[in-house]
Structure formats: C-alpha cells, structure tokens
Amino acid sequence: MTAGTILVAGIIALLAVVAICVLVRDRANGRSSCGCNCKSCSKCSSSNVTIDEGDGGRDGNRRGTTPAKPLPTLFQIHYISIRRYGIMASSMNGAQFLMLCATILALGVIGTLVLNSDPDYFIGFELDVTGDEGIESIDGTGHYCTDDFVVLYANVRDGYVFEGWYDEDGDILCRDEEFDFFAENIKYYAKTTRGAYVEIIHMDGLITSDSQTYRLGDSVTAMALTCGSGMPSFKGWYDEDGKLLSKNQSYGFVAKEDVRLIAMSDSRFFYGDERLDWKVSFGSTPRNVSVSLYDGYSGDLVENLGGSLYGTSYLIPGKYVVKATGTMADGTTVTESSEYDIAGDIKRMYYWLSDKKTYHVEWTALEDDYLRFTNSKAERSPYTEHEEEEFIDTSSRSIVSLADALSKVTAGMTSLERADCVLKFVQRCTEYGYDDLIADDGEYWKYPLETIVQRQGDCEDTALLYACLMSAMGYDTVMLIYDGYEYSGIGHAAAGVALDYVPDGSYYRINGQKYYYCETTSDVMVVGEDIDEYESARYMFIV
Numbered sequence: 018m019t020a021g022t023i024l025v026a027g028i029i030a031l032l033a034v035v036a037i038c039v040l041v042r043d044r045a046n047g048r049s050s051c052g053c054n055c056k057s058c059s060k061c062s063s064s065n066v067t068i069d070e071g072d073g074g075r076d077g078n079r080r081g082t083t084p085a086k087p088l089p090t091l092f093q094i095h096y097i098s099i100r101r102y103g104i105m106a107s108s109m110n111g112a113q114f115l116m117l118c119a120t121i122l123a124l125g126v127i128g129t130l131v132l133n134s135d136p137d138y139f140i141g142f143e144l145d146v147t148g149d150e151g152i153e154s155i156d157g158t159g160h161y162c163t164d165d166f167v168v169l170y171a172n173v174r175d176g177y178v179f180e181g182w183y184d185e186d187g188d189i190l191c192r193d194e195e196f197d198f199f200a201e202n203i204k205y206y207a208k209t210t211r212g213a214y215v216e217i218i219h220m221d222g223l224i225t226s227d228s229q230t231y232r233l234g235d236s237v238t239a240m241a242l243t244c245g246s247g248m249p250s251f252k253g254w255y256d257e258d259g260k261l262l263s264k265n266q267s268y269g270f271v272a273k274e275d276v277r278l279i280a281m282s283d284s285r286f287f288y289g290d291e292r293l294d295w296k297v298s299f300g301s302t303p304r305n306v307s308v309s310l311y312d313g314y315s316g317d318l319v320e321n322l323g324g325s326l327y328g329t330s331y332l333i334p335g336k337y338v339v340k341a342t343g344t345m346a347d348g349t350t351v352t353e354s355s356e357y358d359i360a361g362d363i364k365r366m367y368y369w370l371s372d373k374k375t376y377h378v379e380w381t382a383l384e385d386d387y388l389r390f391t392n393s394k395a396e397r398s399p400y401t402e403h404e405e406e407e408f409i410d411t412s413s414r415s416i417v418s419l420a421d422a423l424s425k426v427t428a429g430m431t432s433l434e435r436a437d438c439v440l441k442f443v444q445r446c447t448e449y450g451y452d453d454l455i456a457d458d459g460e461y462w463k464y465p466l467e468t469i470v471q472r473q474g475d476c477e478d479t480a481l482l483y484a485c486l487m488s489a490m491g492y493d494t495v496m497l498i499y500d501g502y503e504y505s506g507i508g509h510a511a512a513g514v515a516l517d518y519v520p521d522g523s524y525y526r527i528n529g530q531k532y533y534y535c536e537t538t539s540d541v542m543v544v545g546e547d548i549d550e551y552e553s554a555r556y557m558f559i560v
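Per my numbering, the sequence shown starts with residue 18, numbered consecutively.
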C-alpha cells in the first residue's frame, strides 16, 4: 500500500463521515419521535429518555421512562448520537461541524505523512535474503516490519563450509548458521566456501565417526570402535573402489576433496534364509559399475556385490537398498538404486556409545506389531491431547521386549546413569528425519516401534520413543509439547523423566514430582540439560 493510496482512502472516509453527519442533521430537522415538529420540547429534551427496544431490551431492563417506538427508518430521529466520540449530531452547530471535519482531515494528513516517512516500519517489506551455491535453503524468510525480531537459519550443503551472514557492503554480521536480529530493509547474504565432505559408511558391529564437512587442508581422523568380545571384528578402512587404506581403527589424512570411507567388519548378521533377487537398471549401461547392498533402515553396508546389475542374496527379513554407481562415456558419474522389503519379524542389532563405553542390544520387532502400527488409522497430525495419546505404546510385545533388553544392559547402574544410557541409545540409534518428507501437511507422528525400526524420526517421535521405553522400564515419564504458536511457529517436543535429583538439571514440577528435561534430537545432551529457547510446555502423562 502506497502513501497515495492511504491518502485517497482517508479522503473517502472523511467524505463518508461528512455525508452521514449531513444526513443526520437533515433528518433531525424533521418530525421527532414525540410526534411534534419541535427540536427541543419538554418530552424530547428530558435527560432520562434513551433509545430502548420497547419491551425493556434483551436484558429486560428499561433504559428510560419514555416508552420506546420503532425506528422510523435509518435513525431514531433527534436522539441519534455518535456515541464513541460523544458527539450529538442533532445538536451540532455549523462551527462544531466544520471543526469535526477539520480535525478528521488533519489526522488523515498527519497519518499519511507518518506512514510516508517510514513505510517499512508500518507497512513492512519482504526480507531480501540470498544464499550462494553452498546454501541449500534458508529458514525464517518472509514479510517483516522494521524492528521485528527475525531468526534466519542457513542449511548448508554437504561439501561446503559456512562463512557467515553479510550485509550488502560485505561486512560480517554473524558467523553462525543461526542469525537473529531486528529487521531492516536491507539485503542479507549467506556465504560459504568449498570444503571436503568426508562420508563414512560402516558395516554392522562398528561405531564410527560421523560424516561431516571439513575445511580444505584440515587434518581428519576417522575412528572405528568395536563392541567387545564375541562381536564383529574390524577389518580395515577402504575407499569406495575397494582399496585398503588402513588396518588401524584410527585413520588420519588431510582433507583435499570429497571422499567416501568404508569401515569394514567381518559381520554376517544380515545373512539369512530369505531369497532376494535384485536388479538395478540404468538408462544406458555405464562403465566401471560398482554395486553394494545396504540395510534400508540403518544405512549399514551389508556387502559389496561387485559389478553385475542383477543377482541373488539370502538375507533376514527387513528393508534393503541395492545401489549401483558407474561412469558414463562423457565422464559423469551416475547412481541408481532399488529398494526391497522382505516380510517377517525384523531382527536388529543396535550399537551406541555412552559415557565413553560401548553398548549393544539385539532385539526383534514382531511383524504383527509393526504392521499394526504402520497401518494404524490414527490421526498422524494430531490436534488434541487425546489424539496425541493415541501414539503412546508401553505394552506391545515388541516395546516391552526392547525395554527388558535395555534393563539387562543397564543393570547395576543408578537411576540417573540408566536414564542417560537409554537417552544415548535413542539419540545415537536414530537419525533426525523431517516430517515434510513423508507428509503433505508437514506433520506426521510415528509410533515408538516405527521410530526405532526405521531408525528415524523428528522431535516428537524420538521423545515419545524415549518416554515409552523409560515408562516400560518402570519410570514415570511425561511428554513435553512446546506449541508452535507460542514460539514463532517453531514447535518442539521433548521428554521428561521422574528422578530424585540431577545435579544442575532442569525440570518441571508436576504434582509434586520433578520431571527432568530429556532432549532426544541431540547426540551429546544429557538428562537435565535443556534448550534455553523453550521455557514453558504443556504436557501429557504417559502411564
């Protein structure tokens, strides 16, 4: 809206007020409700007469002593008032009428000048934000007014290093991906530099360093840990062409370019009796084809299948991905993949690190339980606590068996140590997955069994998994929901576990019991460590 548009609207509004006032004055010169032609007889000027609905009004109380009569047409003649301003139109003389018009016009002119002096403050603007080739997307853009509080977040592509937020003069504003500030109508730039992405893939039985991007020239150390006697052994670090790089569990090198490292073990966990005939198709056959088989849930490498585009493997039930990579005649690299599901009870191993110690648990998700939850008709985007509570599961055979297995692994620990160890299990054995990748409306709640089998979920999924597991292990737990409308549209969920005491821990006191905050979307946070941004939550009990 421009200042000229505002001025025109103000003039139209002024003309409308003038027309109404003139109409009221004209009608006030006609016959009044008392039946005479006077303007101020004793009946009409009585101070205790007001407009009523004839029968005492909707509340049954008569507002004056004179019986009310139906309105003649648009106005109750002579006693119509513009009550908001305390102006009796019928008694307004010419000077007062001109004063009213002048006042309205003056206010319109002043308002127009104010808006015209700083339209960004009153009307607003679209925040001008640009990211370079290393920025995949930017959260928080939109329409703002001057001095509105803004939070931007730059999502950086793998292989790029974030350098910072800059203004149009090239001055650095913030070096972190998250940038909060008070809005100004200027240009903001998110900038990156090219780095080296080190992708780390491992086989079953190993705990490895995470994949991440390094600055060119940085020293990198890739680590692989085994989980003790009787568990798979480490065979070495390999590149994607199958070349042995190191037999040491610690492998150091300098970051020069994007690389893929594979930590190999002697695990045969995924091999079974179920036949899988697999095939990968390309539009045209590439050269130097390399085919690998992966667990579709964890991403663990099952085996390298060689250079053939079809074959047969014998596996245990589950979800699998066959991925083929090759080189075309023009030198470009192409990748194709195929997904397969083998029906049956899903047997899996989980490995994690807690307090510098390695842990593992073997567990089977029953097919009946899993299908019952994946095929559930529950509202996946719940709006009420009743709909949210539908996803609580502390009693299915699969969840109870997992809770029992975790209880055995954590036997001998204190309550706090156990709560931390199970929290690390959830944090390290699941990956954050955005709902908008599987749901059109951007919200999709999962049952705990779905989350742990698929090894993926967002904040409410992993928080609910942790709360249900701890509840099944005998602890009182709550689900903490931070509604988006209270936090600028960014909602969140976490879990709470009832413990006697956590040093320096943050908690909610509910019915006299302390429920300590548990953040499941971080790999490093511990029980009682909270996120400062979220201060108040509603909650639902998990029994």
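For glycine and all other residues, C-beta sits at the position ideal for the given N, C-alpha and C.
Query raised in the report: In or out: Glu536 buried (at least 16 other Cβ within 10 Å) or exposed?
Result: With a 10 Å radius around the Cβ and a threshold of 16 neighbouring Cβ atoms, Glu536 comes out buried.
Query - Three-state secondary structure (DSSP) of Glu402 - result: DSSP places Glu402 within a helical segment (H, G or I) once states are collapsed to three.
**Report entry** Residues sharing a beta bridge with Ile569, DSSP
**Finding:** Because the chain in this structure spans residues 18 to 560, residue 569 falls outside the shown range and cannot be described.
Query raised in the report: Using the C-alpha atoms, what's the distance from Phe408 back to Tyr504?
Result: With a pLDDT of 47 at Tyr504, under the threshold of 50, the predicted position of this residue should be treated as unreliable, though the coordinate-derived value follows. CA-to-CA, the gap between Tyr504 and Phe408 works out to about 24 angstroms.
Query raised in the report: Apart from the five residues on each side of it in sequence, which residues of its chain come closer than 6 angstroms, Cβ to Cβ, to Tyr368?
Result: Only residues of its own chain outside the window of five on either side were considered, and among them Ile224, Cys244 and His377 have a CB closer than 6 angstroms to the CB of Tyr368, listed in chain order.
Query raised in the report: Which term fits Ile416, buried or exposed, when burial requires 16 or more other beta carbons within 10 angstroms of its beta carbon?
Result: Residue burial is scored here from C-beta neighbours: Ile416 has at least 16 other C-beta atoms within 10 angstroms and is therefore classed as buried.
Query raised in the report: If we count the other Cβ atoms within 10 Å of its Cβ and call it buried at 16 or more, is Ser539 buried or exposed?
Result: When all chains shown are included, Ser539 counts as exposed.
Report task. Leaving aside the five residues before and after Thr342 along the sequence, list all residues of the same chain whose C-beta is less than 6 angstroms from its C-beta, in chain order. Result -> Same-chain partners within the cutoff: Ser307 and Thr352.
Report task. Select from Cys446, Asn321 and Ala436 the residue whose C-alpha is nearest the C-alpha of Ser284. Result -> Checking every option, the nearest Cα to that of Ser284 belongs to Asn321.
Query raised in the report: What is the DSSP secondary structure of Glu201, reduced to helix, strand or coil?
Result: In the three-state scheme derived from DSSP, where H, G and I count as helix and E and B as strand, Glu201 is classed as coil.
Report task. Mind reading off the beta-carbon distance from Glu291 to Gly361? Whole number of angstroms is fine, and I expect it under 8 angstroms. Result -> With 8 angstroms as the limit, Glu291 and Gly361 qualify as a contact, their Cβ atoms being about 7 angstroms apart.
Query - Where Tyr483 sits in the DSSP three-state scheme - result: It is helical.
Requested in this report: Any chance you could list the beta strand (DSSP E) runs of at least 3 consecutive residues sitting entirely within the segment 275-345, in chain order?
Outcome: List check, beta strand (DSSP E) in window: 276-282, 288-296, 304-312, 318-323, 327-332 and 335-344.
Requested in this report: Report the option in Cys118, Ala428, Asn265 and Arg389 whose CA atom is closest to the CA atom of Ala239.
Outcome: Comparing Cα positions, the closest option is Asn265.
Query raised in the report: Bridge partners of Gln473, per DSSP?
Result: Bridge partners of Gln473: Glu448.
**Report entry** Outcome for Phe199 when other beta-carbon atoms lying within 10 angstroms are tallied against a minimum of 16
**Finding:** Residue environment: Phe199 is assigned as exposed (fewer than 16 neighbouring CB atoms within 10 Å of its CB, all protein chains considered).
Report task. Run the CB neighbour count on Glu477, radius 10 Å, all protein chains shown included, and call it buried at 16 or more, exposed below. Result -> Of the residues assessed, Glu477 falls on the buried side of the cut-off, its CB having 16 or more other CB atoms within 10 angstroms.
Query raised in the report: By Cβ distance below 7 angstroms, which residues in the same chain neighbour Leu310 in space, the five residues on each side in sequence not counted?
Result: So the qualifying residues of the chain are Val319, Glu320, Leu322, Ser330, Tyr337 and Val339.
Requested in this report: Consult DSSP for Tyr387 and reduce its assignment to one of helix, strand or coil.
Outcome: Helix, per DSSP.
Query raised in the report: So the beta strand (DSSP E) Ser226 belongs to, where does it begin and stop?
Result: That residue, Ser226, is in no beta strand (DSSP E); it is neither H nor E in DSSP.
Report task. Would you kindly work out how many angstroms separate the C-alpha atoms of Phe270 and Val215, rounded to a whole number? Result -> Spanning the two alpha carbons is a distance of roughly 11 angstroms.
Report task. Would you kindly report the start and end of the unbroken beta strand (DSSP E) that includes Val378? Result -> Start and end: Lys374 to Ala382.
Requested in this report: Could you tell me which of Glu460, Cys485 and Gln530 sits nearest to Ser412, measuring between CA atoms?
Outcome: Among Glu460, Cys485 and Gln530, the Cα nearest to that of Ser412 belongs to Cys485.
Report task. Measure the alpha-carbon distance for Asp149 versus Ala272 and round it to whole angstroms. Result -> When rounded, the distance between both Cα atoms is 22 angstroms.
Query - Nearest-angstrom Cβ-Cβ length linking Met257 and Arg277, presumed shorter than 8 angstroms - result: First, the residue type needs correcting, since residue 257 is Glu and not Met in the sequence shown. For Glu257 against Arg277, the beta-carbon gap comes to about 4 angstroms, under 8 angstroms, which counts as contact.
Query raised in the report: What are the partner residues of Met240, as DSSP defines its beta bridges?
Result: Bridge partners of Met240: Ser267.
Report task. Can you tell me which of the three DSSP states Lys531 falls into? Result -> In the displayed model, Lys531 falls within a strand according to three-state DSSP.
Requested in this report: Leaving out five residues on either side along the sequence, give the residues of the same chain with a beta carbon under 6 angstroms from the beta carbon of Glu195.
Outcome: Cβ contact annotation for Glu195 (same chain, cutoff 6 angstroms, sequence separation greater than five): Tyr170, in chain order.
Query - beta strand (DSSP E) segment containing Ile498, residue limits - result: Counting along the chain, Ile498 sits inside the beta strand (DSSP E) bounded by residues Thr494 to Tyr499.
Query raised in the report: Looking only at C-alpha atoms, which of Met496, Val541 and Tyr492 sits nearest to Gln444?
Result: Comparing Cα-Cα distances from Gln444 to each of Met496, Val541 and Tyr492, the minimum goes to Val541.
Query raised in the report: CB Gly151 to CB Val173, shorter than 7 angstroms?
Result: Cβ atoms of Gly151 and Val173: closer than 7 angstroms.
Query raised in the report: Hey, would you say Val519 sits closer than 7 angstroms to Gly545, going by beta carbons?
Result: For the pair Val519 and Gly545, the CB atoms are nearer than the 7 angstroms cut-off.
Query - DSSP state of Gly247 mapped onto helix, strand, coil - result: Gly247 falls in the coil class under three-state DSSP.
**Report entry** C-beta atoms of Tyr525 and His509 nearer than 7 angstroms
**Finding:** Not in contact: Tyr525 and His509 (Cβ atoms no closer than 7 angstroms).
Query raised in the report: What separation, rounded to the nearest whole angstrom, lies between the Cα atoms of Gly141 and Ile203?
Result: Near 12 angstroms, if we compare the C-alpha coordinates of Ile203 and Gly141.
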